[in-house]
Each structure stands twice: as C-alpha cells, then as structure tokens.
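**Q** Residue numbers (my numbering), protein chains in the order written: chain A, 79 to 828; chain B, 833 to 1119; chain C, -13 to 145.
#1: Along the region 752 to 763 of chain A, where does the CB come closer than 8 Å to a CB of chain B? Name the residues.
#2: Going by alpha carbons, who is nearest to residue 422/A out of 205/A, 141/A, 253/A and 106/A?
#3: Could you check whether the region 302 to 312 of chain A touches the region 538 to 554 of chain A, counting it as contact only if at least three pairs of C-beta atoms, one from each stretch, sit closer than 8 Å?
#4: Report yes if the C-beta distance between residue 185/A and residue 205/A is below 8 Å; otherwise report no.
#5: Output needed for residue 572/A: all residues of its chain with C-beta closer than 7 Å, excluding positions within five of it in sequence on either side, in chain order.
#6: Per DSSP, residue 247/A is paired with what?
#7: Using the rule of at least 16 other Cβ atoms within 10 Å of the residue's Cβ for burial, across every protein chain shown, is residue 136/A buried or exposed?
#8: Any beta-carbon of chain A closer than 8 Å to the one on residue 52/C?
#9: Considering only C-alpha positions, which residue in the set 360/A, 574/A, 578/A and 540/A is nearest to residue 557/A?
#10: Per DSSP, which one or two residues make a beta bridge with residue 701/A?
#11: Is the Cβ of residue 67/C closer than 8 Å to any Cβ of chain B?
#12: Determine the direct distance from the alpha carbon of residue 759/A to that of residue 133/C, and round the result to whole angstroms.
#13: Listed in chain order, which residues of the region 1101 to 1113 of chain B have Cβ atoms closer than 7 Å to some Cβ of chain A?
#14: Using beta carbons (cut-off 8 Å, strictly below), is residue 927/B in contact with chain C?
#15: If you run the structure through DSSP and keep just helix, strand and coil, what is residue 666/A?
#16: So what does DSSP say about residue 1066/B, is it helix, strand or coil?
#17: Quick one: does residue 44/C have its CB under 8 Å from some CB of chain B?
#18: So, with DSSP's three-state summary, where would you put residue 105/A?
#19: Out of 234/A, 266/A and 438/A, point me to the one whose CA is closest to residue 276/A's CA.
#20: Among 600/A, 411/A and 246/A, which one has its Cα closest to the Cα of residue 236/A?
#21: If the cut is a Cβ gap below 9 Å, which residues of chain A does residue 38/C touch?
#22: Going by beta-carbon coordinates alone, are residue 394/A and residue 426/A separated by less than 8 Å?
#23: Answer yes or no: do residue 100/C and residue 44/C have a C-beta to C-beta separation smaller than 8 Å?
#24: By the DSSP assignment, the alpha helix (DSSP H) with residue 149/A in it spans what residues?
#25: Chain C beta carbons: is any one of them nearer than 8 Å to that of residue 463/A?
#26: Which residues of chain B have a Cβ atom closer than 7 Å to the Cβ of residue 108/C, listed in chain order?
#27: Buried or exposed for residue 999/B, going by 16 or more other Cβ atoms inside 10 Å?
#28: Give the DSSP-derived three-state secondary structure of residue 1095/B in the structure shown.
#29: Would you report the Cα separation of residue 1047/B and residue 960/B, rounded to the nearest angstrom?
#30: Sorted by chain position, which residues of the same chain lie with C-beta nearer than 7 Å to residue 1108/B's C-beta, five sequence neighbours on each side aside?
#31: Roughly how far, in whole angstroms, is the beta-carbon of residue 529/A from the beta-carbon of residue 673/A, given that I think they are within contact range, below 8 Å?
#32: State the DSSP-derived secondary structure class of residue 140/A, mapped to helix, strand or coil.
#33: Taking C-alpha atoms, which residue in 349/A, 781/A and 399/A lies nearest to residue 293/A?
#34: My output table needs one value for residue 199/A: the three-state DSSP class, helix, strand or coil.
#35: Determine, using beta carbons only, whether residue 684/A and residue 521/A come nearer to each other than 8 Å.
#36: 8 Å is my cut-off, CB to CB: does residue 683/A come that close to chain C?
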C-alpha cells in the first residue's frame, strides 16, 4: 500500500505551482476581516483606558446612550461572572472590571449606525478613574517594592519572598554546573535585554458578529484559529460552543497575534444587546499597537563555560520576562530554546514570568526563542572572539544530533542542525571579503514546532477531482502545500485538488495556524483521510474484480492489481471510480481527527553582513543569508517565503522596533510612523538555502518552518555590529543612538 | 464639517471671512487627514484650493525666479527638470517627505503651514531665501518663509490668511544647495535632524552661505556663525570640523521618542557637514 | 452632517455616491461602492495598503477625501486586470510567490504598476525606494522586488 511507504521521489511535492487562492489575492477579490457588511449592520467603537493603571470608580453611559444613532453600549456588567481563572484573565483583558491595567485597556464599547456616531459616543462616556502607580520595565517590576500590578498574581511555583509581580517561576536543568564551569578554560557571563515588539501584521483585527437571545451566534473574523475564538468567546460570554459558528476570513497576517480574542466578545455582546443586529468592529492601527498582544520584553543573564578548543562545559541562564498585566510571557519556551542547539554536559535554567502594566502578550513567531537566541548566541560569539575560534566550527563541535539529550529533557530524533551548519559554512557568503566599518555575524536558532488537535475531511467529486476541507486558515500558502500533498497521495494533478477552510461547525476541533503546524498537521491528517478513501476505492475495485481487497493497490491515480496472481485487470482511474460511486456504495469520503504528534524540530543558521556609519550609528544590512532545515519543502517558494519573512521581522526587532513608553506608562509610538518595521529600501535580498533532513515521523518528511527564522537575526545582527564596531551591544534594538553611544564610549552602558 | 471648492483666491478668502468656527485650507491633505484620523476635531469649514487656476503651476517669472503654486506636489517639483537643476536642495527636501504616494499630494505650502520643526522642505526654502505670497481680505503681501514658523505646530499666519504661492529668487551660476536629514530607516521616518545649506561661490571660493538646521529647536535655526565658518574657504577637513562643531553648539534639540537631546546634538554637526559638502560640489558645477 | 453627492469614474465606470465630507476616498470605495480590494492598514499614510491611482497619480486613498473624487478618474486593484487576462504584474506575483497573506498585495501591485508605467527599466534600488511606502510584513520584500524586476524585463521584451 502506498500508505506504508515514505516515497523518495515525488511527482508534485517540491514543485512550485501557482497557489489556488492567488487569483483572488492579486485582484482584490479575497475577503478579509473588514471586507464584509450585512443588512442592518452597526459599527462599533471601543473606549480605552488612557492610564497605565487605574481603579475604575464608575462608568456613566447616559449621555452617550442618548446620541443619535447609538443602539447599544456594553461594559463589564454586560458579561457574566466567570470563576475559572484562565477564562477570568481572558475576560479581564477583553473588558476591564474594577481596574484598568494598561494604557489602551478596553473599558466600554458602543454600537451605532455609523463609525462617526460610535466614535462620538465613546467620547461622551464618563469614567471616574483613580490613577494608581504603574510599572513598565521588567527589572523594575520584579523589585520587591514595585507597584503591584494585580493582587495574588503568583501561582504555586513562585518561591516565597518573591516580588508580588512574579506570576510564575520555572527552574530545570541537569548535571553539575559548578564543576562544569571549573572545567572550562573561559567562563563568560552577560546580561542582555530586549524590548517588546509587535507582530506588525498589516491587517488590523476586524470582525462582524451576530448573537441572539437564544445564544445562537455567527461571527466572521480574521483569525489564525477560529475554534480557539469560538471556545474563548463561549467561555467569556457563557455561550454553548456549538451554537456559535465562527467563519474565518482570509487573514492579513497573524504571526501568533491573532490566536486569541480581543474585540470579538465585544462585538457579540453588543449584538445581543441590540436584539441580534450584526455588529462590525475594526481596530485602528493605534488600537492594534496599544491593545492587542505584543510579545514580551526580557532581561536575561547568561553564563557559559568553554574549553579553549571550543567545547561547552556548562551553561546557565536566568530569564526575566514580562508578558503584560496577566502573565503568560513565553519564558518557558525561551528557556527550552536557550541551549537547544547544543550538547550541554551540565545546564541550569531559571525563569520568571513577571507582570507589568502593559498589554497581555500574545504569541509572536517562535515565542521566546528570539530573545533566548540573542542572549546565548551573543555570548557564544563573545567567547569565540576571546578564544579566537571560528563561530561555525564551535557550533559544529557542540551541535546536537540524533540521540542526544536536549537541554530541556527529551532526546532528539533525527534533526538537521549539523547539515545546516555545514551548508552555511560552505556558502560563498561566509567567505566574502568585507570593507571598512563592515562586519559579519553568524547565529543559530531553534523552534520545537507543534502538532496539536487537527480535524480534516476529504471527499471525491463525481468527476474524480478531490475536495479537501481543513481547519487551518491560509496565512502563507498552506492551501498550495496541502493540495500538493493531496495530489501526491492520490497521484492526481495538483489542479484537481480543491482546498477549503471550513467554519467551526463543519469539522472537529482544530488548533490555529500557529506553531508552524498548518502544513505539518493538516497535511498529515489529510494524508490519513485521503488514504482512507484510497482504501475504500481499492475495496470497491476489488469487489468489481471479485478479488481480495489486499490484491488491489493504488498507484499514481489508479487502482491496480497487485501482481500477476491477482488477475489480468486493466487499472481503473480515480475518475472512473468516482463516476460510478453512486452505484458502487455511495459517496467516497474520509476524515481524520487526531492530536498530531511526530513534530520535527527545525534549526536555522543565519549570516548577516552589516555596515555601520561610525558618525551616526546607523546600521545598514548589506547581505543576509538564511539556511534552515525544512525536513521536506512541499512548496519551496513558500518555504523560502517563511525563511525571508521571519528573517526580516528579526532584522526589524534587532535594529529599530521597540515599544516606547513615557513616564506616564502610556505608549508613545502607536503608529507605523514611529513603530518602525523594515521598509523595502532598508533591506537587501534575503538569500535562502533549504536544507532537507526529512522528519521520520511525517509521511512526507515535513518539519514546520514558519517560526525558526525569526530567532537567529537578533544575535546575527548583534554579532555583525560587534564585528564592525568592536563594541558589544547588550540591549535591543540597536538603534542608531545606541550604536553611536557604544562606539563613542566603548560600551553600551548595559 | 462643510466642504468648499472655491474657484478663485478671492472666493476662498471670502468664504473664510464669512464663516464661523475653525477654518482650514486643503491642498494635498497629507497632514490634515492624518490629524483627523488620530482624533483631532474636524474643522467647521474645509476650503479646498485645488480648483483655483494657477495653483498647480510652476512659473518662471521675468526676473528669472520661480513661482510655485500652492498645490504643486512634491512629485511635480521633482519632475520639473529645470527647477530641480537650479534648486536640487530645496527639491530634495520636499522629495524626502513620505512615500511615493505622499509625494503625489504633499505640497511645499502644506509642509510649511503645518508648522513642524522637523519639516523637511522648510530648511531648504529658508536657505534659498524663498518667500510666500499671502492673500487675505486686505490684499496681497509677501512674507519670507523664515518668518512663517513660530513654534511647534504654529505659524505667523493669521486667521483668513491664504498662501497662494512660493517665490524663489533668481538662481545664479556657481550657486548650489543641498538638504540632508537623519532618519533611523531609509524612508518613511520624520527627520531626527535636518540641515539645508545654500552656497554662492566666486572662483571656487565660498562667498555667501546660508545654513538652516531643522528638528533641533522649536523653529528652524538659521546658523549664522556656522555659515560664517565657510565664507572665504573651499571647505576642507578643518573647516568642516569647526563648521560641524558650531552647528552642534547652536542646536537646541529636545529629547522625544524620535531622538534624545544628546543624540541630536551629536549628529546635527555630521549631517550639516555632509550637506555643506554636497552643496559645494553642486555649486562647483558637479552633481 | 449633510452628505455630498459625488460623481466620479472608477476603473472606467461612471459611479455616484453620497459622502460625508469627513470620509476618506478609501472609506467611500469600501463602504459605498463595495470595492474592498483597497485595504486600510493604518489610516495615516504609512503603509500603502490603500494605494490607488487618482487622476494618473499614485496616492494613498486614506489621505484623500471622498468628496475630492468629484470629476476624477480613479483606478483601483479591481480594475488592474484586463478583460481577458491578468496584468503581467499580477501574473508574475502569483508565479514567483510574491505574496503570502496577500493583504498588502493590492497596494503593492498598484504602486508597482505606477512605477512601470513611468519607468520601464527601473533598477532594483529604484523599485525598493518606490515601494518604500508599501509595508509588507510577511515576505521580507525579496520576492516582491524580484517579481517587479522580472515583470519589467518581460514587458520590455514583449513591447
């Protein structure tokens, strides 16, 4: 049976056909979150706290309610009492109760007949705030005398005597790190800090929702995961999940930031209050930056010991991360990634998840990994310089491979770090000569990737073409990849496969398009479902031929007799089988539900070349190379796209992006003008090499690829700037002012 | 908000005088619409000047200088070969404002009247000795551009004043200008510091110089002492070094989210000397 | 607030709509005419997702008032393809995977078309600076720039 073989040569996989949704996306036909409207639709606006921390003493909506066009106003009182701790945090973030916890925290929402009326109405809502002390910086927040963000925030893991803003504590490791450091020829430590960054998707959050008094509701929303949205809205509003139908629009970027709820429950609550009228909410860019889920800011201490011939003897880290006012920074994942690329004889990790008066962090592409990479890879670079060792050779000496125990516990199965390092070393970019004020940096990065709950279905159309229904929204071309894997499984043309992303009612639970899982998990499930239909088709053909089902096998779109003993039958095409299916037993369809396992880790290595203007501190990226293990590149163009996109987000984070807060705890740069993501003229081409060390646990060898790419740029650029200036920058972003100061003073003061 | 489309300057002024409330004129709109979006109260009357004849014209006057209509866009300026050749610094200042999309709409007059101390086109206009023609109910007057900005977001223009055009003096041989700014990215940022230099040479030696610093004070700073450094020289490392220090000395920047006082003082001198170098090369006849 | 009756031409079709004078051209295209291909990414002229051609000029339609459209010729992404076929840029973008989420794509295509209409032989630097006003967060711009350059080459060769 084709199912039991992992084919070595592919007909469709690895090719670069046009993506099926390409036409809609280049003509403006594709419908995103804000692109719908409905009869009777109302527009909503949200009143947000202007203070970083305040007690809300009262809210008076009387004046606002009287304005022409206003149909409903909701505050926290319009939401049910919630007991479950996780749901309570979600609800608190969705709409404030007794306290506003950050600048931009939603206080109330209005639905009106026009956007202008809704915006006017929120100006008329009177709120009496008692302003409270706030804390923004992670190292300030962890001090014992810091303003308390939320009472009783610490969980069972937090050691006694910790600051009240420590929400949780992690500690793990193995081996004797002290004796490990004793064995080293050089032990170095450093503190590294990163600031919060926003995912920066160009499409602001938008949804249109309808909810009636019976709890029957519908929502159109741009999201990475509509089952998550359904589950969270149901929890926060006290609805029955199956009664809420959530349909995902096309999505204009997510990167993890659209895997949770922000405005969605507000739209539903408003709709219910108007008697079920559709309510549309579209966030402004300022709201997106202030009040969705940027990633954490981090302060990290690293200590590494190395022998003079380049072997790591011991490593320890302490990471402090703030994930906003409700906890949930990715400190755990950061610790997992910190030394993941290396064989650690002894290793120790400590992590603090700390609260601050900032928005609730959401996932951002390999959450925690970029910060960890910046700290560890920068320090390794410093050690390499001090010991006069080649940075790639040192990484090759310490690189993890199959069978090695990872720094965070499990043993690695087959992985491709060594192959990736070798490919990087062999690339001509590694040996190009550099000019004055120029420098080269190298760094590695890692992401675990994720499988998770998946539910798909596959069905045959009467003409032999195939419909595939999945639950993972297409952010970056996954429809094409899924169609390629389906085409490969059946042996039918790519164009004969049609991939749909269905609403919540049509399939079992699906985790979002996150964790680099869409191609891996939906793909694996579709493979299983497709094979169910292939088995069924073989059974029907066997019945037709009156032979044993085991005597029929499937190859390249045809049911064939298994051997000369099976009988002299001509192969029957999928087209023919499909055309007769009503007579041979009815519809032919398959489905698969699983918590997909067999995830393959993806390692990446980047080379960055920069030039630094010594008089202004401005860093220009001259050359950039991404080398990463994709396992198997189903559609190489979209794999390259993930490499390039992740690299450029990392470049932005390393050089210019940061959340800037005033002394009042309010966000100062809530617009793309001053939250500076890279523009086209800032960048060179991003060269890519796809390394393929197939994942043994996936039918096609796929490893998730979307996330790893954002981790290496932070250290690669830091290492390049150090090479160009001879000064180490220990905090990001490496904005011109910071770089200039470092050049002039010989340190960055950190 | 009421929207008006007068077909003459007199009509525009009349609307302004007879209407109550806040009145704003609209040329390119690339500042006004942003301000409306971020929540500023809309004006009671918006007077769109783009239908008035002549507002999009670039005219060469009999005296040899250019008059640029109030609705001439940055893209139009860049596309005007002769004007760009005579005043590359003034044009490049305007050209740096925003994206290609912004360039199709943004105007010198708008950039000036918005009153930002970081406005990219204004240092070049001041260095060129430009003036604006202003009409109000009393008649027409000419005001030097340097006398328009009075502080962040404010100008010396009064209610009812409408700028109709920018006037540039005649350009002579061996004169050259340049504008440079510092931004963290390569495009799409507001200037952290900016500097325009306009030079006039005699036998390759600088005979007259105008140096205007932007984004380092509540108004543009005309750096007289710095300009004096250059007179009688052909530049050179020492001259540029003292010139640079003088520009840093006279700068009075604030610290804000775009740059600290320290950083701005550090780099205004660097940007100024690079602008002077460029202006000098242009004045010599090299481009 | 009295609405203004605007008569204009969009993609070759005569169109009329009522606009609140405060509404932007982008608002009017999306909400009154149903042309949702132009997107709002920022509303402040920083992202270019709303790019349109306004009387021959490339503009950010979030910075043009709807009432300014009176008597003008407006071209949006919906009008970029010909009757029989996509524009060469649109085809190249699909072929060369120059889009991932596709949200910035309409604005980028309009801007790129505006460039190639005035300069059929841009350098890579010309393209990067021309497109500086169009933000993309997914692709890192690499495949976009390559697709524009490749289209320019192809259009020169078939001209």
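For glycine and all other residues, C-beta sits at the position ideal for the given N, C-alpha and C.
**A** Taking the definition as stated:
#1: 752, 754, 756, 757, 759 and 760
#2: 253/A
#3: With a cut-off of 8 Å on Cβ pairs, the region 302 to 312 of chain A is in contact with the region 538 to 554 of chain A, counting three or more such pairs.
#4: yes
#5: 90, 95, 561, 562 and 565
#6: 430/A
#7: exposed
#8: No, no contact with chain A.
#9: 578/A
#10: For residue 701/A, which the question treats as bridged, DSSP gives the partners 687/A.
#11: no
#12: 16 Å
#13: 1102
#14: no
#15: coil
#16: Residue state, collapsed to three classes: coil.
#17: yes
#18: helix
#19: Out of 234/A, 266/A and 438/A, the CA that lies nearest to the CA of residue 276/A is found in 438/A.
#20: 246/A
#21: Under the 9 Å cutoff, chain A gives no residues; its nearest Cβ is about 11 Å from residue 38/C.
#22: yes
#23: yes
#24: Counting along the chain, residue 149/A falls outside any alpha helix (DSSP H), though it belongs to the beta strand (DSSP E) covering 148 to 152.
#25: no
#26: Within chain B, no residue comes near residue 108/C; the closest Cβ sits about 12 Å away, beyond 7 Å.
#27: Label assigned to residue 999/B: buried.
#28: helix
#29: Roughly 18 Å separates the two Cα atoms.
#30: 1029, 1062, 1067, 1072 and 1075
#31: 7 Å between Cβ atoms; contact.
#32: helix
#33: For residue 293/A, the closest alpha carbon among the candidates 349/A, 781/A and 399/A is that of 349/A.
#34: helix
#35: yes
#36: no
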